[in-house]
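Below is one structure; the comments refer to it alone.
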Amino acid sequence: MDRLDRAILAELRREGRLSNQELADRVGLTPAPCLRRVRRLEAEGVITGYSARIDPAAVGRAFEVMIHADLVAKDLATVQSFEDRISAMDEVAELRRMFGLPDYFIRVQVADAEAYERWLTTKLIGDPAIARVDSRITMKLIKQAP
Numbered sequence: 016m017d018r019l020d021r022a023i024l025a026e027l028r029r030e031g032r033l034s035n036q037e038l039a040d041r042v043g044l045t046p047a048p049c050l051r052r053v054r055r056l057e058a059e060g061v062i063t064g065y066s067a068r069i070d071p072a073a074v075g076r077a078f079e080v081m082i083h084a085d086l087v088a089k090d091l092a093t094v095q096s097f098e099d100r101i102s103a104m105d106e107v108a109e110l111r112r113m114f115g116l117p118d119y120f121i122r123v124q125v126a127d128a129e130a131y132e133r134w135l136t137t138k139l140i141g142d143p144a145i146a147r148v149d150s151r152i153t154m155k156l157i158k159q160a161p
């Protein structure tokens, strides 16, 4: 990966909907070699996909909570079953298994505090694998990676 590849990635990270012509202009290439580089970065798995950023409030998910969760047991069956259940929940925007404590970091997006309380008590706390949950409510989003 060279300087031009890094420039392409930086531009696409900022604005993923750039036309090839605009991208080429921004990184100082002509369109054909720029497109070849983008296709190669995709084929090599450096670029893993493209997506749209959605305003959470516009889709009823403006209330965001970060959860630290610990499991009662760490055997493979318990871990896999828990991850499968939590990953399948629409409210879960992000799920990370952590080294050390907590066992999991879960980012939840719902409409409001009532929806969160309902989700927490009926879906997460009731999960047989959960030993402890610690919720952190987002006061204000300061910076978010594109």
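Using the working numbering, the final residue of the sequence shown is 161, and nothing's skipped along the way.
We put the beta carbon where it would ideally sit given N, CA and C, even for glycine.
Selected residue, minimal CA-CA separation from residue i, among the options
i: A6; options: Q124, V107, L33, L139; result: Residue 6 cannot be examined here, being either before or after the span of the chain that is shown, 16 to 161.
i: L19; options: A67, A39, S34; result: A39
i: V107; options: E129, A25, S66, I82; result: I82
i: D105; options: A144, W134, V87; result: W134
Status (buried if at least 16 other CB within 10 Å, exposed otherwise) for residue i
i: F114; result: exposed
i: R52; result: buried
i: E132; result: exposed
i: A84; result: buried
i: Y65; result: exposed
Residues near residue i by beta carbon distance below 8 Å, same chain, minus five either side
i: N35; result: P46, C49, L50, V53
Which residues DSSP lists as bridging residue i, in chain order
i: F78; result: V125
i: D85; result: R147
i: I152; result: V80
Residue i, DSSP secondary structure in three states
i: L116; result: coil
i: E109; result: strand
i: Q159; result: coil
Own chain residues within Cβ distance below 7 Å of residue i, not counting five before or after
i: R100; result: D142
Sequence-distant residues of the same chain with beta carbon closer than 6 Å to residue i, five excluded per side
i: R32; result: none
i: G12; result: There is simply no residue 12 to check, as the chain begins at 16 and stops at 161 in what is shown.
i: I62; result: L56
i: R151; result: M81
i: R147; result: D85
i: T136; result: none
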